[in-house]
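Inspection log for the structure reproduced underneath, given as structure tokens.
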Amino acid sequence: MLIDSSRKDRFVVSRRRTGFGDCLWSLASAWDYAHRTGRALAIDWRGSCYLDNPFSNAFAVFFKPIEDIGGVPVICDDQINNVSFPGPFFPSWWNKPSIDCVYRPDEQIFQERDELIDLLQAQDDCEADTVVCDACLMWRCDEKAERTIFRSITPRFEIENRIEALYHEHFDGYSIIGVHVRHGNGEDIMDHAPFWADPKVALEQVCTAIRMAKAQPHPRPVRVFLCSDSAQVVDHLSGVFPELFTVPKRFQADQSGPLHSAALGTDGGFSALVEMYLLGRCDTVIRFPPTSAFTRYARLFVPRIIEFDLNDPRRLILIDNSSERPPAP
């Protein structure tokens, strides 16, 4: 989108450097606010955990270019490096000189997250010309906004082609049970931690969920597709379910952190999107833990979901989602 300098533009900037699940869910919240308040949307994923170039916008690296989402004009490429967004800004931190905005301590980020949440929940516009959403905003919009994002953006052609090739190789003719196990691999897993309080019990719970999924009625022979950030998880579950298959990818060393890491280069982001969109085309998806944003796409579109109760990780919940269909890849 070219900015018309003859009029006063107003923006929402969605800044994220985290995994794709967080990026896309937070983008949905930013888009929702832009849509409600008549603003343009800037997708600023520079400094992404999937890239080692701080000036490269990860959205343009991994997704097809787009100029509009649901009537909202969009900037989503490296043009972002040349845009001077108009002030005043919200949150107020961004009104400081640029050099002073470089370092934001954690407490500042959390404060901004709370300020943004209050703004989004108030349903009102603010006086700032540019609203900077540089915080995790999952759960801060309705599912309609999330579906709008997922139906409006698509991975680049080379990623699409890989998804289609794997789908035809492994999915055709089968009822696929997709299993996502977010382990952390030594990362601080925050909200996921209660589900891994006892790793042995956690893996037993996943096995129980797979057996439950296999016991459901299926119109075709069943295969189990596993996505995880831990080679140990893959090894353990493959030993229990020999028919289980995975997409080949490069793992981090044991306990050295998550797969969304610049150390893996663009291959890490490529693999993540392949798995995210394949999970969205399964017949059943198991989410462990359900707090992982990586499976949000699948949660919205897969016909049957099995996940673990947020208040009681020992309890399984079966969700009928059959009225929804995923967007075409």
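Using our numbering, read the sequence shown as starting at 978 and increasing by one per residue.
Positions of the beta carbon are idealized from the N, C-alpha and C atoms, including for glycine.
Short of 6 Å from the beta carbon of residue 1261, and not among the five residues preceding or following it, lie these beta carbons of its own chain, in chain order: 1154, 1190 and 1281. The count of Cβ pairs closer than 8 Å, one atom from the stretch 1049–1063 and one from the stretch 1008–1017, reaches three, so the stretches are in contact. Residue 1171 carries a helical assignment under DSSP once its states are collapsed to helix, strand and coil. A check of alpha carbon separations from residue 1182 across 1193, 1207, 1156 and 1206 identifies 1156 as the nearest. In the pairwise beta carbon analysis, the stretch 1112–1132 is classified as not touching the stretch 1023–1030: fewer than three pairs are separated by under 8 Å. Annotation for residue 1211: the continuous alpha helix (DSSP H) segment containing it runs 1208–1217. When secondary structure is reduced to three states using DSSP, residue 1255 falls in the helix class.
Residue 1110 sits close to residue 1007, with the two beta carbons spaced by under 8 Å. Residue environment analysis places residue 1134 among the exposed positions, since fewer than 16 neighbouring C-beta atoms fall within 10 angstroms of its C-beta.
Spatial neighbours of residue 1036 in its own chain (CB-CB distance under 6 Å, excluding positions within 5 residues in sequence) are listed in chain order as 1020, 1022 and 1053. In the structure shown, residue 1157 adopts extended strand secondary structure according to DSSP, grouped into three states.
Judged by their CB atoms, residue 1140 and residue 1251 are nearer to each other than the 8 Å cut-off. By the Cβ-count criterion, residue 1084 is exposed, with fewer than 16 other Cβ atoms from all chains shown falling within 10 Å of its own Cβ.
Excluding its 5 nearest sequence neighbours in each direction, residue 1042 has C-beta neighbours in its own chain below 8 Å: 1053 and 1054, listed in chain order. According to the DSSP assignment, residue 1089 belongs to the alpha helix (DSSP H) that extends over 1083–1099.
Assignment of beta-bridge partners to residue 1199 by DSSP yields 1152.
With three or more CB-CB distances shorter than 8 Å, the stretch 1263–1277 counts as touching the stretch 993–1001.
Under the three-state reduction of DSSP, residue 1176 is assigned to helix. Here the C-alpha atom of residue 1069 lies approximately 15 Å from the C-alpha atom of residue 1082. Where residue 1038 is concerned, the enclosing alpha helix (DSSP H) starts and stops at 1035–1039.
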